[in-house]
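Participant: Could you have a look at this structure, given as structure tokens, before my questions?
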Amino acid sequence: MKKLLLLFTLGLATLSSSAQSEVMLQGFYWDSYGDTRWTKLTEQADELARYFDLIWVPNSGYCDTKNNMGYMPLYYFNQNSSFGSEAELRSMIATFKEKGLGTVADVVINHHNTVGVYSFPAETYKGVTYQLQSTDICRNDDGGSTLATATANGVSLSANNDTGEGWDGCRDLDHKSENVQKVVKAYLDYLLNDLGYMGFRYDMVKGYSASFTADYNSASQPAFSVGECWDGSGVIKKWIDGTKVNGTPTSSAFDFQFRYRVRDAINQNNWTLLQGKESDTGAYPLVYQEAYRPYAVTFVENHDTEYRSSTAQQDPIKADTLAANAYLLAMPGTPCVFFKHWLNAKSDIKRMISARNLAGITSTSTYEQLASAQLYYAVKTTGTKGSLICVVGKTPAAYTAPAGYTKVCSASDYIYYLDATAAAGWDAVETQIAAEVQAEKEKEQQFTPHTATIYVKADFTPVYFYIWDSNNNTPLNGGWPGKQPATKVIDGETWYYQTVDITAFDYYFNIIFNQGNGKPQTSDITYLTSDKYYTATIADGKVQYTDVTATVGIDVVKVAHPSDDRIYNLMGIEVKQPMTGSLYIQNGKKMIKR
Numbered sequence: 108m109k110k111l112l113l114l115f116t117l118g119l120a121t122l123s124s125s126a127q128s129e130v131m132l133q134g135f136y137w138d139s140y141g142d143t144r145w146t147k148l149t150e151q152a153d154e155l156a157r158y159f160d161l162i163w164v165p166n167s168g169y170c171d172t173k174n175n176m177g178y179m180p181l182y183y184f185n186q187n188s189s190f191g192s193e194a195e196l197r198s199m200i201a202t203f204k205e206k207g208l209g210t211v212a213d214v215v216i217n218h219h220n221t222v223g224v225y226s227f228p229a230e231t232y233k234g235v236t237y238q239l240q241s242t243d244i245c246r247n248d249d250g251g252s253t254l255a256t257a258t259a260n261g262v263s264l265s266a267n268n269d270t271g272e273g274w275d276g277c278r279d280l281d282h283k284s285e286n287v288q289k290v291v292k293a294y295l296d297y298l299l300n301d302l303g304y305m306g307f308r309y310d311m312v313k314g315y316s317a318s319f320t321a322d323y324n325s326a327s328q329p330a331f332s333v334g335e336c337w338d339g340s341g342v343i344k345k346w347i348d349g350t351k352v353n354g355t356p357t358s359s360a361f362d363f364q365f366r367y368r369v370r371d372a373i374n375q376n377n378w379t380l381l382q383g384k385e386s387d388t389g390a391y392p393l394v395y396q397e398a399y400r401p402y403a404v405t406f407v408e409n410h411d412t413e414y415r416s417s418t419a420q421q422d423p424i425k426a427d428t429l430a431a432n433a434y435l436l437a438m439p440g441t442p443c444v445f446f447k448h449w450l451n452a453k454s455d456i457k458r459m460i461s462a463r464n465l466a467g468i469t470s471t472s473t474y475e476q477l478a479s480a481q482l483y484y485a486v487k488t489t490g491t492k493g494s495l496i497c498v499v500g501k502t503p504a505a506y507t508a509p510a511g512y513t514k515v516c517s518a519s520d521y522i523y524y525l526d527a528t529a530a531a532g533w534d535a536v537e538t539q540i541a542a543e544v545q546a547e548k549e550k551e552q553q554f555t556p557h558t559a560t561i562y563v564k565a566d567f568t569p570v571y572f573y574i575w576d577s578n579n580n581t582p583l584n585g586g587w588p589g590k591q592p593a594t595k596v597i598d599g600e601t602w603y604y605q606t607v608d609i610t611a612f613d614y615y616f617n618i619i620f621n622q623g624n625g626k627p628q629t630s631d632i633t634y635l636t637s638d639k640y641y642t643a644t645i646a647d648g649k650v651q652y653t654d655v656t657a658t659v660g661i662d663v664v665k666v667a668h669p670s671d672d673r674i675y676n677l678m679g680i681e682v683k684q685p686m687t688g689s690l691y692i693q694n695g696k697k698m699i700k701r
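Just so we're aligned: the sequence shown equals residues 108 to 701 in the working numbering.
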């Protein structure tokens, strides 16, 4: 925790100019609206903070729909997104910070969505109104088609062409514009100094000159910055150099060529491909190059490369994901673990991170290739506290570690060895992980099957509920638009409701309130496991809803002394005592502790 508090205090220069030992988690995957809601991530704060220093979360701004990953931004200062409300976001960031885990914002400023073709919404923050204008759109946006349409309609665009690559999905912003710079700087300041983020992941930085990243970072002073410059190492290095202020880069960059080298070694079943040739400048990973190693954020999978579905297969690593992560976490640079990999192999990744920490591996550590063969590859990385040997491949046991090294963890496709100094702390690692595994088992064992009822008070008719669950998105009340629910009078008011059985520890369901086929509807309301109360109204052609659970249908009690009666949280898990302000179930009633 001291390390992250220091980063919050010292700011950007700390990460740019010295060795860092951070490990980052990409805290989402594509369409991970259930698994990575702010509330669900907050529940995992203790575990996440124990192993990670940074967590990169999705763009948290409102994008005019609550089923959106945030890469077509519409609002900067409205932070009610597909992943939760602004209040939930603030709670998550604050909880993470308290535990020493820094939250990295996904900053999408290359392009911006519009209302219509050219209009941007006005937003007021701290008494100042911010609004992008049509004259903030690059003159050559969408290859000139935007200009042609604008001219025909008497609308003016910027006189400046784009300073980087274009993207046809939204309006490309002219970062030479003083208005764009004013809006972006206010937004970044809001993220850091109001919401509490500690760093930025800049999306699509090839879309505008690197000098603007330097300007924005100099103005906002994030403790961490990484750019998505999706290209060969030569282009990425040029981008990093372009962010320099007073001769020092103000941002790191994702090491795409490291990812491709690991992918090729696995998918082609040839582990010699990990070594590479320095003469192959475009494909030689940043982390292999001493001068750029401090600015390399390494990764092996992300939301753009993962397998999404049979119709969106992307470019995934097809096997040996443990080996991929073992190599990632044994090497210098700042490693970023993909959320799906974390979910699928927590204990292994915990051991890898722990071994890295025991050896004291940092972003600038040195490494040495020990063996390179088609079926296995061995590398030794020397940290500030000891050395770690990582062997990956189809036959890692074929490699014999030198005397003085102890095997600390392994699977069929990787082995970790630590030297005597680093290995001295391994028993504590195993004790901690065993305790966490046992605690997770106890949570599942304590789960009590229960029902969850969704109530909505609507000022329109008809009302339909469309419900589907976490078991392969199975519809629970027929196809779209669902069914008209039953009604119940509560305190003289009519509520529509439907009850769902919660049958397993990790089971949840989702719902959409709507008026019928082709009629107004809400966005997806996801990850439901307990009773919820909503109000709903139609506005701007959509069904808008508000969660009023905290004020409706709850027995509010003041608890002066602990009760002897059994208490359950809303997932049906027994707890010793509820926290102040939390909802719980006791004697069959839902209550809130004040």
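All C-beta atoms, glycine included, are put in the ideal place defined by N, C-alpha and C.
#1: Given W533, which residues of its chain have a CB within under 6 Å of its CB, disregarding the five upstream and five downstream residues?
#2: Would you check if the distance between the CB atom of D213 and the CB atom of N166 is smaller than 8 Å?
#3: By Cβ distance below 6 Å, which residues in the same chain neighbour L49 in space, the five residues on each side in sequence not counted?
#4: Which runs of the beta strand (DSSP E) spanning at least 3 residues fall entirely within the stretch 287 to 324, listed in chain order?
#5: Does the stretch 438 to 451 come close enough to the stretch 403 to 416 that 3 or more CB-CB pairs lie under 8 Å?
#6: Using a Cβ-Cβ cutoff of less than 6 Å, which residues in the same chain neighbour A229 once the five nearest sequence positions on both sides are dropped?
#7: Mapping DSSP to helix, strand and coil, what is S670?
#8: Once DSSP output is grouped into helix, strand and coil, what is the label at H219?
#9: Would G589 and Y562 be called neighbours here (beta carbons separated by less than 8 Å)?
#10: Following the continuous alpha helix (DSSP H) through G341, name the residue where it begins and the one where it ends.
#11: Roughly how far, in whole angstroms, is the beta-carbon of T256 from the beta-carbon of V224, given that I think they are within contact range, below 8 Å?
#12: Near E195, what residues of its chain come up, given a Cβ to Cβ distance below 6 Å and the 5 sequence neighbours on each side ignored?
#13: To the nearest whole angstrom, what separates the beta carbons of N247 and M311, a pair I think is in contact under 8 Å?
#14: By Cβ distance below 8 Å, which residues in the same chain neighbour A156 in space, the five residues on each side in sequence not counted?
#15: Are three or more beta carbon pairs between the stretch 488 to 498 and the stretch 393 to 403 nearer than 8 Å?
#16: Within 10 angstroms of the Cβ of F567, are there 16 or more other Cβ atoms? Answer buried if so, exposed if not.
#17: Let me confirm a value: N580 is counted as buried when at least 16 other C-beta atoms fall within 10 Å, else exposed. Which label applies?
#18: For L482, which of D427, S340, R366 has the nearest alpha-carbon?
#19: Confirm, please, whether the CB-CB distance from S472 to T488 is below 8 Å.
#20: Roughly how many whole angstroms lie between the Cα atoms of F616 and T633?
#21: Looking at the unbroken beta strand (DSSP E) that takes in L787, where does it start and where does it end?
#22: From S358, E193, L380, pick the residue whose C-alpha is nearest to that of Y367; which is it?
#23: What does the Cβ neighbour count give for K595, buried or exposed, with the cut at 16 atoms within 10 Å?
#24: Does the count of Cβ pairs from the stretch 350 to 361 and the stretch 314 to 322 closer than 8 Å reach three?
#25: Classify G314 as buried or exposed, calling it buried when 16 or more other Cβ atoms lie within 10 Å of its own Cβ.
#26: On the CB-based measure, 16 or more other CB atoms within 10 Å of its CB, does K289 come out buried or exposed?
#27: Ordered along the chain, which non-local residues of its own chain (more than five positions away) have a Cβ less than 6 Å from that of A565?
#28: Return the Cβ separation of D717 and L429 in integer angstroms, given the expectation that the two are a contact with Cβ distance under 8 Å.
#29: What is the rounded straight-line gap between the Cα of A332 and the Cα of W163?
#30: Reducing DSSP to helix, strand and coil, say where I661 ends up.
#31: Under 6 Å Cβ to Cβ from Q364, same chain only, skipping five residues before and after it: list those, please.
#32: Between E475 and K447, what straight-line distance do the alpha-carbon atoms span, to the nearest angstrom?
#33: What would DSSP say about S124, mapped onto helix, strand or coil?
#34: Return the CA-CA distance between N286 and N624, expressed in angstroms with no decimal places.
#35: Mind listing, in chain order, the continuous alpha helix (DSSP H) runs of no fewer than 4 residues lying wholly within the stretch 161 to 240?
#36: Can you give the Cα-Cα distance for C245 and K626, rounded to whole angstroms?
Facilitator: By the coordinates alone:
#1: V515
#2: yes
#3: Lying outside 108 to 701, the shown extent of the chain, residue 49 is not represented and no answer is given.
#4: 306 to 309
#5: yes
#6: T236, Q238
#7: Reliability of the predicted coordinates at S670 is poor, the pLDDT of 47 falling under 50, and the value obtained from them is presented with this limitation in mind. Coil, per DSSP.
#8: strand
#9: no
#10: 340 to 349
#11: 7 Å
#12: W145, T146
#13: 16 Å between Cβ atoms; not a contact.
#14: Within the same chain, and ignoring the five residues on either side of A156 in sequence, the residues whose Cβ sits closer than 8 Å to its Cβ are M108, F203, K206, G207, L208.
#15: no
#16: The residue is exposed, with fewer than 16 neighbouring Cβ atoms inside 10 Å.
#17: exposed
#18: D427
#19: yes
#20: 7 Å
#21: One cannot answer for residue 787 here, as it falls past the ends of the chain, which runs 108 to 701.
#22: L380
#23: exposed
#24: In this structure the stretch 350 to 361 touches the stretch 314 to 322; the number of beta carbon pairs closer than 8 Å is three or more.
#25: buried
#26: exposed
#27: A643
#28: Residue 717 lies beyond the stretch modelled for the chain, which goes from 108 to 701, so this question has no answer here.
#29: What sits at residue 332 in the sequence shown is Ser, not Ala. The straight-line gap from Cα to Cα measures roughly 11 Å.
#30: In this predicted model, I661 has a pLDDT of only 49, less than 50, meaning its place in the structure is not dependable; the value taken from the coordinates is given anyway. Reduced to three states, the DSSP call for I661 is coil.
#31: S340, A390, P392
#32: 30 Å
#33: Model confidence at S124 stands at a pLDDT of 49, short of 50, so the residue's coordinates are unreliable; what they give is reported in the following sentence. In the structure shown, the three-state DSSP call for S124 is helix.
#34: 42 Å
#35: Listed in chain order, the complete alpha helix (DSSP H) runs (minimum 4 residues) inside the stretch 161 to 240 are 193 to 205.
#36: The C-alpha of K626 is placed about 37 Å away from the C-alpha of C245.
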